[in-house]
Structures are given as C-alpha cells and as structure tokens.
Amino acid sequence: MLRYILEKFMIVFSELIYFIFEREKQDKLSQKFKLKFRKDGTFKIIQFTDIHARPKKNEKTISLMESVLKSEKPDLVILTGDCIDGRYCRSEEVVKNVIHNIASVMEKYKVPWSVALGNHDCEFCSLNREQQLEIYMSYDYNLSQRFSRVIGRAGDYNLLIMDSKDSKAVFNIFMMDSGDYCFRGYDYITKRQIHWYESLSNKLEKNFHKKIPSFMFFHIPLRQQKIIGKSGAFHGNRNENECVQAVDRGLFDSLKKMGNVKAVFCGHDHTNDYYGDIDGITLGYGRCSGYNGYCKEGFSRGARAFVIDEKNLEKLNTYVVLDES
Numbered sequence: 001m002l003r004y005i006l007e008k009f010m011i012v013f014s015e016l017i018y019f020i021f022e023r024e025k026q027d028k029l030s031q032k033f034k035l036k037f038r039k040d041g042t043f044k045i046i047q048f049t050d051i052h053a054r055p056k057k058n059e060k061t062i063s064l065m066e067s068v069l070k071s072e073k074p075d076l077v078i079l080t081g082d083c084i085d086g087r088y089c090r091s092e093e094v095v096k097n098v099i100h101n102i103a104s105v106m107e108k109y110k111v112p113w114s115v116a117l118g119n120h121d122c123e124f125c126s127l128n129r130e131q132q133l134e135i136y137m138s139y140d141y142n143l144s145q146r147f148s149r150v151i152g153r154a155g156d157y158n159l160l161i162m163d164s165k166d167s168k169a170v171f172n173i174f175m176m177d178s179g180d181y182c183f184r185g186y187d188y189i190t191k192r193q194i195h196w197y198e199s200l201s202n203k204l205e206k207n208f209h210k211k212i213p214s215f216m217f218f219h220i221p222l223r224q225q226k227i228i229g230k231s232g233a234f235h236g237n238r239n240e241n242e243c244v245q246a247v248d249r250g251l252f253d254s255l256k257k258m259g260n261v262k263a264v265f266c267g268h269d270h271t272n273d274y275y276g277d278i279d280g281i282t283l284g285y286g287r288c289s290g291y292n293g294y295c296k297e298g299f300s301r302g303a304r305a306f307v308i309d310e311k312n313l314e315k316l317n318t319y320v321v322l323d324e325s
C-alpha cells in the first residue's frame, strides 16, 4: 500500500512540475507574424488533411496541393493531421525530407500555414510529436507551436486574425492535438486541454472585451460527429462509419459553454467530407488530400476551403475543392 501511495505521489508530482514548466513556456510563446483580413473584408483558409507523405515523394499529392494554392490563393493553410506516415519514416533524416516535400509547397507560394498532428504522424517513428513540430516550425511561413499541457502531446495553440485595417483581432483559430491511440481505441482531447482552451478563451475575451468568433481544428473527430452522421442532417458525403475519439472528456460541452467556437473541423476518416450542426456548433470533415492513404473509387482527393467575411463573422461559408487532374 505504501509503495502504491508513493508511486501515485511521484506521478502527480512529476505532472505538476511538467504543468508549471509548460505553462511558463506557453506564456513566452507568440505568433510568429500577423494574419489579417484582406482589403475586401475576406479571409480564406484551405484545409489539407491526411496527406500521408512517405519517403518516396507522391507527385500527385504535391500537384494537387499546388493546384489548390494557385487557384484558391488562400491567406492561411491548415494541415489537420496524418501529414506524414511515421510507419515509413523511421529516421530523423527521412522525417525531415518527407516534411520538406510538404512544407515546400506552402513555402514556394509564401502562404502562412499551420499543423495539427494525427495518429499516424509519429506511429513507429523515431521522432516524437514535439520533435516533428520543431521541424515544421523551422519553416519561414509556418505558424505552428509545440506547446501542450499534456505529456506526449504537442500543438495546442491559437492563431489570431486581425481586421482589414490591422487595428484589432476579430477572429481566432484554435489548433489542438487529439493524440494517436489509447487503450480504448483512438485518442481524445483531455481535460487539461479543455482547461487550456477555456482559460485562453477567457483571456481573449478579457483582452478584447468580447468573445472572439473562432474555428477549431484537430485530427480525430469528436464523438458528437457520429450523432450528426447517423442523423442524416448534413451537407456532403458520408462513405464510412466515423472513427471518433474513444473517450468524451467534455470538449463539446465546453464549446457550448464558452460560446466562441462556431465550427470544428477534423480529418482522419478519408472518405467523409460532410458537415452538420449540433446545438448551434458545426462539426465537419476536410477532404482527404493525400494519394498514399486509403480512399474510395470515384471519391476524388481535394481540400476544404473556408471564406470568412469580416462583416458577418458568425456565418460559415465552406466548400470542397477537388483534384481535377
């Protein structure tokens, strides 16, 4: 019994030290450079997801990404996990090369971009989540941050978007690390991450004297996504059962309570791209972008676009961009 108590004490103590260290590290982090609405009052986001890059460069995937950036001319690109397939990327050199194949697309077009990791990025890979985000962050136009309050996670951060006059922040993006696997299946957003989201939301509201409308992005869908899928009340395609987070620690309830996040978009399920509303919040998928992962015949790869209107920040305007090659 004494040994058990000591073990529990050491676990709690080590987590407390980690929490203090990470909290201090977060306070020192800042957004690398500003994002702002265009002069016409719009801001466009492109979501690529499930690229599944491997050591051999997939030219079809890269061509798709370049085509989307050229045609859509986004203000921000967001990658929602499984950017690389860690099962094929066992060494640091290989990981750097594979990430470079992805990163070079956004860097070529000088588009700001950010990353949330998925379940395959670090699977059987020699580089952990913090180490991989460190590589992403080394690129000039990358806005990712490797902070998380949870041991073994990295990439809980936010991106503020200024108005077209560059005078004040009017929109916000929450990026979160939904992990990889747990004993019950796919990983999940933890209580500590939820507390981080609530604390940051309160801080933003205090600083700007109002709730800042926000989107949230991560890889593995919430359990509430399955409710929308089974209801049939959605826009888009549902071609497979939802592989959702194994545990619900209360993020969706927290989103309802805080009232700032209008939409949550994820990846993970390659042949779903639908979205729908539940309790006033939109939950949805991007469009699978990578040609290395599984797919369905006739279901084209692509990306999801979001166009935010400065004059109507509450309205969701989103569509899918398909590979026409």
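Numbering of the sequence shown is given in UniProt numbering, commencing with residue 1 and proceeding in unit increments.
Here a beta-carbon is modelled for each residue, glycine too, at the ideal position from N, C-alpha and C.
| Asked | Found |
| --- | --- |
| Looking at Glu-66 and Val-105, is the spacing between their C-beta atoms short of 7 Å? | yes |
| Taking Cβ positions, are Gln-145 and Tyr-136 nearer each other than 7 Å? | no |
| Going by DSSP, what residue range makes up the beta strand (DSSP E) through Tyr-275? | 275–278 |
| Using DSSP's beta-bridge definition, name the partner residues of Gln-47. | Ile-78, Arg-304 |
| Just how far apart, CA to CA, sit Phe-13 and Asn-292? | Caution is warranted here: a pLDDT of 47 is assigned to Phe-13, below 50, making its placement in the model unreliable, and no coordinate value can be reported. |
| Going by the beta-carbon positions, is the gap between Tyr-275 and His-235 smaller than 7 Å? | yes |
| So Met-137 is in the alpha helix (DSSP H); what residue range does that whole segment cover? | 129–137 |
| Within its chain, find whatever has a CB closer than 7 Å to the CB of Met-258; leave out the 5 residues flanking it on each side and keep chain order. | Glu-198, Ser-201 |
| Can you pull the DSSP bridge partners for Arg-90? | Answer by DSSP bridge pairing: none, since Arg-90 is not bridged. |
| Whole angstroms are fine: how far does the CA of Leu-283 sit from the CA of Leu-64? | 25 Å |
| For Asp-253, which of Pro-213, Ser-30, Ile-281, Leu-313 has the nearest alpha-carbon? | Ile-281 |
| Are Asp-121 and Ile-62 close, meaning C-beta to C-beta below 7 Å? | no |
| Name the two residues that bound the continuous beta strand (DSSP E) containing Tyr-141. | No beta strand (DSSP E) holds Tyr-141; DSSP gives it neither H nor E. |
| In whole angstroms, what is the alpha-carbon distance linking Thr-49 and Val-150? | 23 Å |
| Using 8 Å as the cut-off, can you tell me whether the region 214–234 makes contact with the region 164–178, which would need three or more C-beta pairs spanning the two stretches below that distance? | yes |
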